[in-house]
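*Asks:* Before I ask anything, let me first share the structure, which is written out below as structure tokens.
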Amino acid sequence: MIAIITGASKGIGKCTALKLKNYGYTIVSISRSEPDFGDIKFKVDVSDKIAVKDIVDKILCEFSFVDVIVNNAGFGIYGSFKETSLDEEEYMVRTNFLGTIYFTKFLLPSMIERKKGNIVNIISEAAYVSSPKLLVYSATKAALASFTNGLWAEARKYGVKVSGIYPGPVRTNFTSHPSFNGVKNSFDKFSVEPEKVANAVIKSIKTGKREIYVPSILKIEPYFLKLSNVMQSITYRIVSKWFS
Ligand SMILES: NC(=O)c1ccc[n+]([C@@H]2O[C@H](COP(=O)([O-])OP(=O)(O)OC[C@H]3O[C@@H](n4cnc5c(N)ncnc54)[C@H](OP(=O)(O)O)[C@@H]3O)[C@@H](O)[C@H]2O)c1
Numbered sequence: 036m037i038a039i040i041t042g043a044s045k046g047i048g049k050c051t052a053l054k055l056k057n058y059g060y061t062i063v064s065i066s067r068s069e070p071d072f073g074d075i076k077f078k079v080d081v082s083d084k085i086a087v088k089d090i091v092d093k094i095l096c097e098f099s100f101v102d103v104i105v106n107n108a109g110f111g112i113y114g115s116f117k118e119t120s121l122d123e124e125e126y127m128v129r130t131n132f133l134g135t136i137y138f139t140k141f142l143l144p145s146m147i148e149r150k151k152g153n154i155v156n157i158i159s160e161a162a163y164v165s166s167p168k169l170l171v172y173s174a175t176k177a178a179l180a181s182f183t184n185g186l187w188a189e190a191r192k193y194g195v196k197v198s199g200i201y202p203g204p205v206r207t208n209f210t211s212h213p214s215f216n217g218v219k220n221s222f223d224k225f226s227v228e229p230e231k232v233a234n235a236v237i238k239s240i241k242t243g244k245r246e247i248y249v250p251s252i253l254k255i256e257p258y259f260l261k262l263s264n265v266m267q268s269i270t271y272r273i274v275s276k277w278f279s
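Structure follows, in structure tokens:
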């Protein structure tokens, strides 16, 4: 069994690589810096479409198939939108969103051919609750959630399972981006260990569930939002009928 993990040099990706290894997978680790764990390790920037195509071709040439791709590579930029750098934001969109699109685009045909495979996307609860000072990051995750849900529906008939993992705060190097310098991490006390996310990846591979929240209590968030949307549309209907 072959598993590719992007962003495998640290945090959730590294923990997931170690976990999948324990489950008997041959691990292909990918990140910008050299990953220190994996049966095969590649230094690739996932935002580079040509580099991703090359690496997928190489992997398929060596193994002829891939069982699991965990699209995990990603980062956040902290700061008010009026101050953050557009160049960095563009790079974040390419990493967090397009990186997943590239790997999926290049691997899906071989999975469909085998009628087998798991695509696991590490998203974030920020997909549902857009955080001020992390709003472009949140938008990349919302785009990823939308893509994941659509692909889940499309790929089922081909035997390919697609899952989105939605963690809340996780204890990793996520806040090591320079934009977080001096920012107090008020979420630390709520943070979970990356192993909890790795366990969710295992669960997603076994079940093919469309969405898994870590911790699972977070699954109520989308319902709150849907409820608030319903309340909003009722309110606007009343307002437009009686007060316009
Ligand atoms: N930590 C949290 O609270 C949290 C919560 C929800 C979701 N997430 C998501 O979980 C995923 C993993 O984050 P983490 O918390 O484990 O952070 P992390 O410890 O900083 O790890 C991020 C990983 O992504 C890699 N990476 C970043 N940009 C890349 C690029 N352009 N090309 C290739 N690799 C790249 C990094 O490796 P190099 O720097 O060596 O390239 C590193 O291996 C991210 O998608 C993040 O959005 C995190």
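Each residue of the sequence shown is one higher than the one before, counting from 36 in our numbering. Built from N, CA and C at the ideal position, the CB exists for glycine as well.
Can at least three beta-carbon pairs, one atom from the stretch 123-130 and one from the stretch 139-149, be found at a separation below 8 Å?
*Replies:* At 8 Å Cβ cutoff, the stretches do not touch.
*Asks:* Give a yes or no on whether the C-beta atoms belonging to residue 101 and residue 152 are separated by under 8 Å.
*Replies:* Residue mapping note: residue 101 aligns to position 66 of the sequence shown, counting from 1. Residue mapping note: residue 152 aligns to position 117 of the sequence shown, counting from 1. Contact: yes.
*Asks:* Please determine if the stretch 71-91 and the stretch 129-145 are in contact, where contact requires at least 3 C-beta pairs separated by less than 8 Å.
*Replies:* Flag = yes, the stretch 71-91 and the stretch 129-145 touch.
*Asks:* Select from 215, 205, 212 the residue whose C-alpha is nearest the C-alpha of residue 248.
*Replies:* Reading the sequence shown from its first residue, position 213 is the one you call residue 248. When only C-alpha atoms are compared, the closest one is 205.
*Asks:* Looking at residue 47 and ligand 1, is the gap between the Cβ and the nearest heavy atom below 7 Å?
*Replies:* The residue given as residue 47 occupies position 12 in the sequence shown. For ligand 1, at least one heavy atom lies less than 7 Å from the Cβ of residue 47.
*Asks:* With distances taken from CA atoms, which of 142, 187, 225, 184 is nearest residue 103?
*Replies:* Indexing the sequence shown from 1 puts residue 103 at position 68. Ranking 142, 187, 225, 184 by Cα distance to residue 103 puts 142 first.
*Asks:* Specify whether the stretch 225-234 and the stretch 193-211 touch according to this definition: at least 3 beta carbon pairs, one from each stretch, less than 8 Å apart.
*Replies:* Because the criterion of three Cβ pairs below 8 Å is met, the stretch 225-234 and the stretch 193-211 touch.
*Asks:* Can you tell me the Cα-Cα spacing of residue 98 and residue 50, whole angstroms?
*Replies:* Position 63 of the sequence shown holds residue 98. Position 15 of the sequence shown holds residue 50. Their Cα atoms are separated by approximately 23 Å.
*Asks:* Put residue 72 into one of helix, strand or coil per three-state DSSP.
*Replies:* To locate residue 72, count along the sequence shown from 1; it is residue 37. Note: residue 72 maps to coil in three-state DSSP.
*Asks:* Within a Cβ cutoff of 6 Å, which residues of the same chain sit near residue 165, ignoring the five residues on either side of it in sequence?
*Replies:* Translated into positions along the sequence shown, residue 165 becomes position 130. Cβ within range, chain order: 173.
*Asks:* Count the CB pairs spanning the stretch 239-247 and the stretch 62-69 that are closer than 8 Å, and state whether there are at least three.
*Replies:* Verdict: no, contact absent.
*Asks:* Could you tell me the boundaries of the beta strand (DSSP E) in which residue 246 lies?
*Replies:* In the sequence shown, residue 246 corresponds to position 211, counting from 1. Taken as a continuous stretch (DSSP letters only), the beta strand (DSSP E) holding residue 246 covers 246-249.
*Asks:* In the structure shown, what three-state DSSP assignment does residue 202 receive?
*Replies:* Against the sequence shown, residue 202 aligns to sequence position 167. Three-state result, residue 202: strand.
*Asks:* By alpha-carbon positions, which one of 57, 58, 87, 54 ends up nearest to residue 67?
*Replies:* Here residue 67 corresponds to residue number 32 of the sequence shown, with the count starting at 1. Among 57, 58, 87, 54, the Cα nearest to that of residue 67 belongs to 87.
*Asks:* So for residue 145, helix, strand or coil by DSSP?
*Replies:* For this step, residue 145 is matched to residue 110 along the sequence shown. Note: residue 145 maps to helix in three-state DSSP.
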